[in-house]
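Asker:
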Amino acid sequence: MAKNNPLIVIISAFLVLSLMLSLVKAAATNVTTDQHALLALKDRITYDPTNLLAKNWSTSSSICTWIGVTCGVRHHRVTVLNISYFGLAGTLPPQLGNMSFLQVLAIGNNSFSGSLPDELFFLGNLSSLRVVDLSYNQLSGTIPSSIFQISSLERLDLTSNMFDGQIPSTISKCQQLQMLSLAYNNFTGYIPKEIGNVTMLKELYLGINELQGKIPHELGNLAKLEVLSLRNNTLTGPIPSTIFNLSSLKSMDFTDNSLTGNLPPEMCQYIPALQGLAMSLNQFTGRIPINLWRCRNLQLVSLSYNQFEGSIPRDIGNLTSVNQLFLGFNNLKGMVPYEIGNLRNLKILDLRSNNLAGIVPNTIFNISTMEKLALSNNQLSGHLPSSIDFGLPNLERLLLDGNNFRGTIPKSISNVSKLSILNLERNSISGSIPSEIGDLPNLLELRLGNNSLTGFIPSTIFNMSKLVVISLLMNRLSGHLPSSTGLKLPNLKELFLPVNELHGVIPNSISNASQLSYLELSQNSFSGPVPTTLGELRNLKFLNIGLNQLTGEPSTQELTFLSSLTNCQNLKTLVLDENPLDGTLPTSIGNLSGIQFFSAERCKIKGNIPQSIGNLSNLRIIRLEDNQLTGSIPIEIGKLRELQVFYPDANRLQGYIPSEICNLRKLGELYLSDNNFNGSIPACMGDMTSLRVLYLSSNNLTSTIPSSLWNLRDIVELNLSNNSLVGHLPLDIGNLRAVTHIDLASNELSGEIPSSIGNLQTLSNFSIAHNKLEGRIPESFGNIINLEILNLSSNNLSGAIPKSLEKLRYLKYFNVSFNRLDGEIPTGGAFANISAESFIGNGQLCGAPRLQVPPCKTAIEATNIITDQSSLLALKVHITHDPNNFLANNWTASTSVCNWVGITCDSQNNRIIVLNLTSMSLTGTIPPHIGNLSFLVQLRLRNNGFHGSLPVDIVHLHRLEIFHLELNIFQAEISSWLGSLPKLQI
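First residue of the sequence shown? That's 6 in the numbering used here, and the numbers climb one at a time after it.
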């Protein structure tokens, strides 16, 4: 072997030494770069609750010893930055992108905010990065597309931030990505189909965003996918069939979208490993796949809140691993399969709100693992099993409400010791409540309402210290409440006992249930004074003691219990209806600062409405109707800016309606009827655009209806009846486009009914009876297609009843009695069922005998009366001077000729028999048409200024008996033809 050349050895040694020095220098530089990056992060920290970084990240020590930092053994470079769960707040610096050896970036479960710096991933320095965990922070903005340029990335977790924008399609470049979670953000747009190219993906979480559109079928290319979660978006369309070919899939979650279509019958053929199937809150239809049982590893099946129909497949009993089965809120029918009893691992069975019927199989009551059994709102029947305690030792929630269960509550239920919720409401359960229920040590909610339970309420129930809810409403329970009620109920929040047969006093001790927020005792027979101790229930939100026999304190007129309730600052609803309280409202009522709903109907309350009511700034509804209140409405009412409903009707209130009421801009319903208000309706009411119901009836209101009132375009009901209102109805009444009820009866309104009434297409009830209206009934009434009640009685209306009213197909009540109507009563449509009482008091109406009016004339007779009218109109044309406008104003084609001045008709034939124009100062000539009045008996033209020749056509008046022409200026000799009139009396 040749000897080594000394020069070569020296040169080689020098090169090796130089290289080593270079590497050391480079390593030192890069370590410094990592340090600068971490210190830049430290500078961005705005909150470090335990001073972890402040104390530990010091330049005096190697960064490889810093908390949360891991370095590589070879190069001493940072490979892992894990500061998750440190409780830090701040922003991320771009310098983190310089840590070129970084493999894991984990900052989850902190409060970092702001956007991700573009430089963080843009420079491509993080080529070794495998894991990025930024979950559970407050980061925002869009995801830099550069993050998907990191080909080594295996896990990207951005869960629970505030990222928005679209998911970049460049995600397809992360070919090593196995886990991607973008859940709980604000991403919008579509799911990029390019995700289907990331074939290493095992877990994909895109739920709880604002994604839309269809699920791309390319997701079916993810052959290794085990978890797919797209829940809580707005995705539409069917699930692509390719998804059901992913044989590795263990969990699919499509909950709360708008997905449609049927589930494939053979959906489990290629996904046998499936453990979780969550599809609730969508719009799926069809049947539950009959071969669902082939997914034998299923532990969770959640198909609730869809539109599935048909029966529950019996083979579902083969899913022996399932522990949660949710099929509620669908359209399922048939019986509950007894095979469900084979699911020995089942913890939750939820079949609520379907159309299931029949008896619940006993096998279900023998699933020992069952913790929640929810069968509410079906049509299930039968008795509760007497041995319920043996089969369900772990049962915590039993929800059987809204069915047809009957029989009694088994005493053995007391042995289901873990039971926390028992809901049997809305069934047909009878008998008494077993006292053994009081032995359930963990019971939180007892709901037995809407049944047929009888007897006393067991005193043991009032000793169950964990109870939060007691609901026994709408039964036939009797007896009284124990005097100790409340002493042993420290956690009780809701007590519902209405609509029973309970009596006696409300115990003072109830105030010891200090957490009570809802107290409902209405519709019983409780008596005695309302206890003032109710004011000690500081958490009380709702109190209803209406429809009992409760009174105020006998020692004072003031309702003192109301003063005590002012201590209940959370009280929002107070109902006292139909109790003989017999007292006055205290001034302190104004201290019920949180009250929103106050109702004291028919309570014999007297005295004034306190001015302090104006302090109830949160009040939305107040009902005081049918009491004995006096005085005026306090002007302070105008301060109740949240008020929506005000009912002080049927009292003895008086004075003017205060204009301050117009300040109630949210008021929707105002009932002031049946009081003694006087004066005019405030014009400012027309500015109350929220009004939907206005009742001012049965008062002493005068003056005209304010024109502004017709601007309430959204009013639904308007009742001004039984007052003394005057004036005309304007055309503007047609502005009330939403109105269904108008009652203006029993006033002194005059003029004509405007034709614009026909614009009220939603009107169903219109009454203007007992006024002084005149003119014709508008044809436009026939356009109000929803009209059911039309009362025009007791006015001065004339003319015919319009045939257009026959189009009112929903008309149930029609009354035009006591007017001056004439002509034929319509026969079509609803008129076939209208009785004679609707037409009495109109002398000129005709029609069918059942209506008790004369028969109408034949066609020839009708032609003759038209001839009479035409003859008189011809005479009117020949009148050249009518100083008093007798004919000009009265002889009009719109009214019956028999109602014209100077005209008398034969009641039998409805033909003119008298024409009397005596002393009307008329000037003109007599036309030949006068000879067409073939029924004329008297022709009186005396003392006018008629001139010219008399037409010889008068000889056709064969019935003429009286003919007065004197004191006119006629020129012709008439004696030559007088003999042609056989009945004329000379």
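Think of the CB as a built atom: it goes at the ideal place given N, C-alpha and C, for glycine as much as any other residue.
Bear in mind that the values here come from a model prediction, so they are computed numbers and not experimental data.
If the criterion is Cβ atoms closer than 7 Å, does the pair Ala59 and Pro98 meet it?
Answerer: Against a cut-off of 7 Å, the Cβ pair of Pro98 and Ala59 comes out as no contact.
Asker: Around the Cβ of Ser285, are there at least 16 other Cβ atoms within 10 angstroms (buried) or fewer (exposed)?
Answerer: Buried is the call here.
Asker: Return the chain-ordered ranges of every beta strand (DSSP E) run that is complete within the segment 28 to 76 and spans a minimum of 3 residues.
Answerer: Whole beta strand (DSSP E) segments, 3+ residues: 50 to 52 and 74 to 76.
Asker: Helix, strand or coil, according to DSSP, for Ser177 in the structure here?
Answerer: Of the three classes helix, strand and coil, the one that applies to Ser177 here is helix, per DSSP.
Asker: Only counting the same chain, and skipping five residues up and downstream in sequence, which positions put a Cβ closer than 8 Å to that of Glu215?
Answerer: Excluding positions up to five away in sequence, the list reads Asn191, Phe192, Thr193, Asn238 and Thr239.
Asker: Kindly identify the DSSP beta-bridge partner or partners of Cys5.
Answerer: As shown, the chain starts at 6 and ends at 991. That puts residue 5 outside it, with no answer to give.
Asker: For Gly460, which three-state DSSP category applies?
Answerer: DSSP places Gly460 in strand when its eight states are reduced to three.
Asker: Excluding sequence positions up to five away, which residues of its chain have a Cβ less than 7 Å from the Cβ of Asn287?
Answerer: Excluding sequence neighbours, Asn287 sits near Phe259, Asn262, Ser263, Leu264 and Asn311.
Asker: If you pair each beta-carbon of the segment 436 to 446 with each one of the segment 386 to 400, do three or more pairs fall below 8 Å?
Answerer: In short, these stretches do not touch, since the Cβ pair count stays below three.
Asker: For Val365, count neighbouring Cβ atoms within 10 angstroms of its own Cβ and tell me buried if that reaches 16, exposed if not.
Answerer: That one is buried.
Asker: Report the rounded CA-to-CA distance for Ser598 versus Asp692, giving the unit in angstroms.
Answerer: Cα to Cα, Ser598 sits roughly 28 Å from Asp692.
Asker: Taking the alpha-carbon positions, what's the Ala898 to Leu850 distance?
Answerer: One C-alpha to the other measures close to 18 Å.
Asker: What span of residues does the alpha helix (DSSP H) with Phe836 cover, start to end?
Answerer: Unbroken run through Phe836: none, as it is neither H nor E.
Asker: Are the CB atoms of Ile72 and Asn995 within a distance shorter than 7 Å?
Answerer: What is shown of the chain runs 6 to 991, which leaves residue 995 out entirely.
Asker: Rounded to whole angstroms, what is the Cα-Cα separation between Asn505 and Glu430?
Answerer: For Asn505 and Glu430, the distance between alpha carbons rounds to 14 Å.
Asker: Applying the 10 Å Cβ sphere with the 16-neighbour rule, what's the burial state of Thr204?
Answerer: Flag for Thr204 reads exposed.
Asker: Can you tell me whether Lys577 is buried or exposed? The criterion is at least 16 other CB atoms within 10 Å of its CB, across all chains shown.
Answerer: That one is buried.
Asker: Going by Cα to Cα distance, which pick from Phe786, Ile747 and Gly953 is closest to Ala774?
Answerer: When only C-alpha atoms are compared, the closest one is Ile747.
Asker: Leaving out the 5 sequence neighbours to the left and right, which residues in its chain are closer than 8 Å to Asn776 when beta-carbon positions are compared?
Answerer: Same-chain partners within the cutoff: Leu749, Ala750, Ser751, Asn752, Glu753, Leu754, Ser755, Ser799 and Asn800.
Asker: Do the CB positions of Ala655 and Glu674 come within less than 7 Å of each other?
Answerer: Not in contact: Ala655 and Glu674 (Cβ atoms no closer than 7 Å).
Asker: With distances taken from CA atoms, which of Ser457, Arg411, Ser483 and Asn399 is nearest Leu445?
Answerer: Here the closest residue by C-alpha is Asn399.
Asker: Which residues bound the beta strand (DSSP E) around Ala893?
Answerer: Taken as a continuous stretch (DSSP letters only), Ala893 belongs to no beta strand (DSSP E), being part of the alpha helix (DSSP H) at Phe891 to Asn895.
Asker: Under a three-way DSSP split, which group does Ser316 fall into?
Answerer: Here Ser316 sits in coil by DSSP.
Asker: Helix, strand or coil for Glu630 per DSSP?
Answerer: Glu630: coil per DSSP, three-state reduction.
Asker: Return the bridge partner residues of Lys777 from the DSSP annotation.
Answerer: In DSSP, Lys777 forms a bridge with Ser755.
Asker: Nearest by alpha-carbon distance to Ile710: which of Val473, Leu734 and Val698 is it?
Answerer: Checking every option, the nearest Cα to that of Ile710 belongs to Leu734.
Asker: Does Leu26 come out as helix, strand or coil in the three-state DSSP assignment?
Answerer: Residue confidence for Leu26 is low, a pLDDT of 36 falling below 50, so the modelled location carries little weight and cannot support an answer.
Asker: In the DSSP assignment, find the unbroken beta strand (DSSP E) run with Asp748 in it and report its ends.
Answerer: Residues His746 to Asp748.
Asker: Can the beta-carbon of Gly595 be found less than 7 Å from the beta-carbon of Asn620?
Answerer: Going by C-beta atoms, Gly595 is nearer than 7 Å to Asn620.
Asker: Would DSSP call Ala94 helix, strand or coil?
Answerer: In this structure, Ala94 counts as strand in the three-state DSSP scheme.
Asker: What are the partner residues of Gly828, as DSSP defines its beta bridges?
Answerer: DSSP output for Gly828 lists Leu850 as bridge partner(s).
Asker: In the structure shown, what three-state DSSP assignment does Ser419 receive?
Answerer: Ser419 falls in the helix class under three-state DSSP.
Asker: Give the DSSP bridge partners of Arg402, in chain order.
Answerer: Note: Arg402 sits in a beta bridge opposite Lys377 and Ile426.
Asker: Helix, strand or coil, according to DSSP, for Leu714 in the structure here?
Answerer: Helix, per DSSP.
Asker: In chain order, which continuous runs of the alpha helix (DSSP H) of length 4 or greater are located wholly inside the segment 884 to 952?
Answerer: Entirely contained in the segment 884 to 952, the alpha helix (DSSP H) runs reaching 4 residues are, in chain order, 891 to 895.
Asker: Secondary structure at Ile15, three-state DSSP: helix, strand or coil?
Answerer: Caution applies to Ile15, whose pLDDT of 49 falls short of 50 and renders its modelled position unreliable; the model cannot decide the point.
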